[in-house]
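What follows is a short report on a single structure.
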Amino acid sequence: MNKIIFLDVDGVLNSKFWDNDHQREISEGKYVDLEAVKLLGSLVKRTEAKIILHSGWRFWFDESMNPLRLEAEFFANALAKEEISIYGVTPDLTIEEIRKTKKFSLVKADEILKWLDDNSSFTKWVVLDDLDLHNEEVARHQVKTDPEIGLTEKDVEKAIEILK
592 MNKIIFLDVD GVLNSKFWDN DHQREISEGK YVDLEAVKLL GSLVKRTEAK
642 IILHSGWRFW FDESMNPLRL EAEFFANALA KEEISIYGVT PDLTIEEIRK
692 TKKFSLVKAD EILKWLDDNS SFTKWVVLDD LDLHNEEVAR HQVKTDPEIG
742 LTEKDVEKAI EILK
């Protein structure tokens, strides 16, 4: 199958609501909601899509997708438990000003489109992100999660529709 899920983490696999009740886990480097990861697992299984990480979390992995931080290790293990692996990452098109101001949403769409341009065999794609990515083409493929609650079953159904 030639389907891709461009995955952001914060606001998708965790949420402000989840953060409030999981301070102990967060202090231990467990930044993802395992229930949201299960929902992602269901999406991957139902669509046979591959995961491309387009989150700042991609910098927490080396080129072979080995975790470089405790948080990334917990995340990778949570994905593995659901039989999900990260297929790749989007390129980094940020400049110093964007990194300083943390306005990553200004380049995320360009990073996604560049990845697609470089990997033209993938024809069906969806973006899971809580941010406005400032691009009409990407917006047509985006399931914009609510950062207060993260990924939901309704979001998964919407993503499946986009990938059909």
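So the sequence shown is numbered by my numbering: it starts at 592 and just counts up by one. We put the beta carbon where it would ideally sit given N, CA and C, even for glycine. In this text, all values refer to a predicted model and were calculated from it rather than measured experimentally.
Notebook entry, point to check: Which one or two residues does DSSP pair with Ile642 in a beta bridge?
Noted result: As a working note, residue 642 is residue 51 in the sequence shown. Note: Ile642 sits in a beta bridge opposite Ile596 and Ile677.
Check: To which residues of the same chain is Glu744 closer than 6 Å at the C-beta, ignoring the five residues directly before and after it?
Finding: What you label residue 744 is simply residue 153 of the sequence shown in a count that begins at 1. Nothing listed; no residue qualifies.
Notebook entry, point to check: What are the boundary residues of the alpha helix (DSSP H) that includes Leu661?
Noted result: Counting from one through the sequence shown, the residue named residue 661 turns up at place 70. Here the alpha helix (DSSP H) through Leu661 covers Leu661 to Lys672.
Next item on the list: Determine which residues share a DSSP beta bridge with Leu722 and list them.
Entry: Here residue 722 refers to the residue found at position 131 of the sequence shown. Answer by DSSP bridge pairing: none, since Leu722 is not bridged.
Next item on the list: Could you round the C-beta distance between Leu704 and Ile643 to whole angstroms and report it? I think they count as a contact, below 8 Å.
Entry: As a first step, residue 704 must be located in the sequence shown, where it is residue number 113. As a first step, residue 643 must be located in the sequence shown, where it is residue number 52. That belief does not hold up - the Cβ atoms of Leu704 and Ile643 are roughly 12 Å apart, past 8 Å.
Checklist line | Glu727 to Ser711 span [Cα, whole Å] | finding: Stepping through the sequence shown from its first residue, residue 727 is reached at position 136. Stepping through the sequence shown from its first residue, residue 711 is reached at position 120. In this structure, the alpha-carbon of Glu727 lies about 19 Å from that of Ser711.
Check: Glu673 and Lys629: beta carbons closer than 8 Å?
Finding: Numbered from its first residue, the sequence shown carries residue 673 at position 82. Numbered from its first residue, the sequence shown carries residue 629 at position 38. The answer is yes: Cβ separation under 8 Å.
Check: Name the DSSP beta bridge partners of Phe650, please?
Finding: Here residue 650 refers to the residue found at position 59 of the sequence shown. Paired residues: none, contrary to the question.
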